[in-house]
Amino acid sequence: MLPGSRLPSVTFRTRVRDDSIEGPNPYRWEDLSTEDYFGGKRVVLFALPGAFTPTCSTFQLPGFEKGFDGFRALGVDEIYCLSVNDAFVMNQWAKAQGLENVKVIPDGSGEFTRRVGMLVRKDNLGFGLRSWRYAAVVKDGVIEAWFEEPGLCDNHGEDPYGVSSPETVLAWLMAEAQGAAA
């Protein structure tokens, strides 16, 4: 997607903790829209091929989590991690990663990912349809900056990572802030 483009309007099926529910699974379904996540806020969105996968779990997600204060200092209200995984998987991954700052968005059907042009086949890894790795700075639902890994295609033989890294996005935000201050 290009800067200036509006994110597609979709509904995400999420599971949220509800302490009024007793038992071992105190969660309920909650539909959240693109507007709920992105309306009236400046956010960093990053998307990746799958929860619990090596690059995603070792570098990208932890990097955004640890760098949250730096992003916040540059005017970012939220950081969202999106994957073509269901709400159960995304919630368990967030728990396993000990997330306190980054919020996960489940795109279980891949509808959002398809509509932003990032849905790819990963059959070569046994994944099926997944997201290509990218990041974006989004203000009130409109893309300010887009960071897409090179080589977008089905069944890519590698997992490129760097363009959508927290360091790259943070550097862009810093340059943009310095330009605005000049």
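Under the UniProt record's numbering, the first residue of the sequence shown carries the number 1, and numbering increases by one thereafter. Glycine is no exception: its CB is placed at the ideal position from the N, C-alpha and C atoms. These numbers come from a predicted model, not from an experiment.
In or out: residue i buried (at least 16 other Cβ within 10 Å) or exposed?
i	result
N85	buried
C153	exposed
E100	exposed
P49	buried
S83	buried
E149	buried
L2	exposed
M174	exposed
State the DSSP-derived secondary structure class of residue i, mapped to helix, strand or coil.
i	result
residue 219	In the structure as shown, the chain starts at 1 and stops at 182, and residue 219 therefore has no counterpart that could be examined.
Y161	coil
V142	strand
A182	coil
R13	strand
E35	helix
V137	strand
When the Cα atoms are used, what is the spatial distance from residue i to residue j?
i	j	result
I21	Y27	7 Å
D107	G117	14 Å
G39	E78	11 Å
F147	A177	18 Å
R17	L45	22 Å
S5	R115	12 Å
G75	V142	15 Å
K41	Q97	25 Å
V104	F112	14 Å
G128	G151	18 Å
Does the region 119-132 come into contact with the region 17-32, if we say contact requires no fewer than three beta-carbon pairs (one atom in each stretch) closer than 8 Å? no
Evaluate the contact criterion for the region 70-77 versus the region 54-62: three or more CB pairs, one atom per stretch, below 8 Å. Touching, no.
For the region 39-84, which segments carrying the beta strand (DSSP E) assignment without a break, of at least 3 residues, lie completely within its bounds, in sequence order? Positions of the beta strand (DSSP E) runs, each at least 3 residues long and wholly inside the region 39-84, are given as 42-48, 78-83 in order along the chain.
Within the chosen definition, does the region 135-142 reach the region 156-174 through at least 3 CB pairs nearer than 8 Å? yes
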